[in-house]
Amino acid sequence: PDSVYIMVGINDLNYGSRSVDDIYKYEKEFIEAVKSAVPAADIYVLSVLPVSQRFESSSKVKQANIDSLNNKFSENAASLGITYIDVASVYKDGSGYFGSGYDSLLWNKHVPHCFPTGSTPRRLRCGMGRTDYGRNKVN
């Protein structure tokens, strides 16, 4: 492939099985493995999405840890040889959490989806509605 997109999730943070540093180290090793397997591919790492205050209060995930992990990727993108894409900020409200005006059950209906498009990978295509991930298209 010409491009590889990696979206780091929050499972390790939620299960409490790894610290932010451990997750970053694991993902860094994964990125190196991808670079080794497809050396000509451009690698894009999308940020970990934010959580709501309600979700944070009932889980092990802390928004501060998500922000810390995202900052590690953002600050080290050049040395990792990746392009970091901050998708998280699109989903945050003024408090720094997942937008409180959105109902998680209506995620696909009300939250803008943003994905890289075109020849400039830092450009994002955002839209409301269901996303067809296979075609990178927004309805």
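For the sequence shown, this note's numbering assigns the number 16 to the initial residue and increments by one for each residue that follows.
Each residue gets a CB set at the ideal place from its N, CA and C atoms; glycine is no exception.
Computed from a prediction, not measured in an experiment: that's the story for all the values here.
- Just measuring C-alpha positions, the residue of Y59, P54, D17 sitting nearest I97 is Y59.
- Under the three-state reduction of DSSP, Y20 is assigned to strand.
- Only buried fits P65, as 16 or more other CB atoms lie within 10 angstroms of its CB.
- Within the same chain, S62, V63, L64, P65, N85 come within 7 Å of A103 by CB-CB distance, once the 5 residues on both sides are set aside.
- In this chain, the alpha helix (DSSP H) harbouring I81 covers 78 to 95.
- Nearest C-alpha to Y112 among Y20, S67, I21: S67.
- In the structure shown, the three-state DSSP call for Y106 is helix.
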